[in-house]
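For reference, the structure discussed in these notes is given below.
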Amino acid sequence: MFALADALGIDKFIHFGFSQGCLLALRAVLTHPERFVGLIQCSTQAGGQRARRKRPSAPSLPSGSSSAPRRRSWIS
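So the mapping is simple: my numbering equals the position in the sequence shown, first residue as 1, plus 57.
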């Protein structure tokens, strides 16, 4: 990305990272902060896989069941 920016004559830019590209964007900003005016992260998670394993999750519905009857009270 730096070679492309240099070839285009761009000194500073905003980097958009998506999914796993967010790691690349973070690493680039940490190693060359003087080249960036901003950073946009989309569809990423803080903490990586370790955080995902620790994250609490809602209990799943038993196989073959439906959540529709539980929602009748607020569906009009």
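C-beta atoms are modelled at their ideal positions from N, C-alpha and C, and glycine is treated no differently.
Coarse secondary structure for residue i, derived from DSSP in three states
| i | result |
| --- | --- |
| L96 | strand |
| I78 | According to the sequence shown, residue 78 is Gly rather than Ile. Helix at G78. |
Proximal residues to residue i (C-beta, below 8 Å), its chain only, five neighbours per side dropped
| i | result |
| --- | --- |
| A60 | none |
Minimum C-alpha distance to residue i - residue among the options
| i | options | result |
| --- | --- | --- |
| K69 | Q77, V94, G78 and S100 | V94 |
| S100 | P90, F73, E91 and T88 | F73 |
Sequence-distant residues of the same chain with beta carbon closer than 7 Å to residue i, five excluded per side
| i | result |
| --- | --- |
| C79 | Q98 and T101 |
| I67 | none |
| A85 | M58 and H72 |
CB contact below 9 Å: residue i versus chain D
| i | result |
| --- | --- |
| T88 | Looking for chain D here will not work: only one protein chain is present. |
Buried/exposed call for residue i, threshold 16 Cβ in 10 Å
| i | result |
| --- | --- |
| A64 | exposed |
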